[in-house]
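To start, the structure itself, in structure tokens.
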Amino acid sequence: MSDSRKHRGPHPEDQKLFAEDQVPQLQEAVKDLAWLFNRGYASTSALKLVGDRYELLARQRTAVARCTCTDAAAERRNQHQLTLSELAGCEVWIDGYNVLTSIEAALSRGVILHARDGCYRDMASMHGSYRKVSETIPALHLLGEMLAAGGVSQCHWLLDSPVSNSGRLKTILQGIAEGRRWNWETTLVPDPDQELMASDEIVISSDSLILDHAQRWFNLVRHTIDQRISDAWIVHLDWDSIEV
Numbered sequence: 303m304s305d306s307r308k309h310r311g312p313h314p315e316d317q318k319l320f321a322e323d324q325v326p327q328l329q330e331a332v333k334d335l336a337w338l339f340n341r342g343y344a345s346t347s348a349l350k351l352v353g354d355r356y357e358l359l360a361r362q363r364t365a366v367a368r369c370t371c372t373d374a375a376a377e378r379r380n381q382h383q384l385t386l387s388e389l390a391g392c393e394v395w396i397d398g399y400n401v402l403t404s405i406e407a408a409l410s411r412g413v414i415l416h417a418r419d420g421c422y423r424d425m426a427s428m429h430g431s432y433r434k435v436s437e438t439i440p441a442l443h444l445l446g447e448m449l450a451a452g453g454v455s456q457c458h459w460l461l462d463s464p465v466s467n468s469g470r471l472k473t474i475l476q477g478i479a480e481g482r483r484w485n486w487e488t489t490l491v492p493d494p495d496q497e498l499m500a501s502d503e504i505v506i507s508s509d510s511l512i513l514d515h516a517q518r519w520f521n522l523v524r525h526t527i528d529q530r531i532s533d534a535w536i537v538h539l540d541w542d543s544i545e546v
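Going by this note's numbering, the sequence shown opens with residue 303, and the numbers climb by one from there.
Structure representation (structure tokens):
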């Protein structure tokens with residue numbers, strides 16, 4: 303079945319699954335899952351234990367998992383995070399789909415998860431195929447404007463070559479860069495995660511595995527949403543929102 307979606311908006315059940323009355327138990331689930339992670343429990347068994355305890359449905363369990371990490375991981379990510387002003391004159395390497403789909407989702411009023419490490423993450427899943435939506439072009443302009451405001455010298459966008467339509471997105475990125483006179487370079491690679499995990503450059507991503515290896519990274523998704531998308535639907539499962 304072809305993907306005919308025009309927006310990266312919420313799942314039909316999200317209004318119920320992430321309603322205000324659901325947030326407290328989701329926060330408790332994040333707290334409990336972090337407790338288990340800190341003690342070495344495997345992620346799959348720990349998530350099942352917590353999900354069963356709070357009777358969470360599948361999308362709620364996914365959200366809790368995306369928002370949770372160990373104390374050590376949260377501390378490391380915070381220590382290696384840069385501010386916008388520290389990007390001036392620097393090159394950045396961007397986890398293309400990870401960053402773009404989050405901004406598309408925010409513009410579409412999809413669920414944006416505020417995770418305990420301070421990152422904003424979406425609930426989107428591409429399953430090997432990317433489809434341009436109504437928010438794609440506006441999202442790319444917002445991201446570019448944020449990076450330009452930070453004085454970034456060059457942006458290297460990495461896209462997954464196995465994902466269908468990556469070539470089309472590369473053409474879109476190049477067109478925007480030429481029109482706005484931004485110094486962008488887009489490369490299709492088999493596995494952007496591996497490239498970014500091994501890089502010594504400034505990385506832009508919200509992917510947990512990438513952030514656990516990044517020597518320097520910038521939280522572009524959160525900065526863009528906080529400063530440019532005032533009506534984004536943010537579900538706060540971050541540590542500051544949870545009574546520990």
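By construction, the Cβ of each residue, glycine as well, lies at the ideal position given by its N, Cα and C atoms. All values reported here derive from a predicted model rather than from experimental measurement.
Close beta carbons around Arg530, own chain, < 6 Å, minus the five adjacent residues each side
Leu444
So Trp459 and Leu475 are supposed to be a Cβ contact under 8 Å. How far apart are they, rounded?
6 Å
Please classify Gly398 as buried or exposed, where buried requires at least 16 neighbouring CB atoms within 10 angstroms.
buried
Is the CB-CB distance between Arg418 and Trp541 below 9 Å?
yes
Output needed for Arg363: all residues of its chain with C-beta closer than 7 Å, excluding positions within five of it in sequence on either side, in chain order.
Leu349 and Gly353
Have a look at the DSSP bridge pairing and note the partners of Ser466.
Ser431
Return the Cβ separation of Arg524 and Gly452 in integer angstroms, given the expectation that the two are a contact with Cβ distance under 8 Å.
Not a contact, Cβ separation roughly 14 Å.
Neighbourhood of Thr372 by C-beta distance below 6 Å, restricted to the same chain and skipping five residues each side
Phe339 and Asn340
Is there a C-beta anywhere in chain B that falls below 9 Å from the one on Ser455?
Of the protein chains in the structure, only one exists, and it is not chain B.
I want to know whether the region 399 to 408 touches the region 511 to 528 - three or more CB-CB distances under 8 Å.
yes
Hey, how far is the Cα of Ala441 from the Cα of His429?
21 Å
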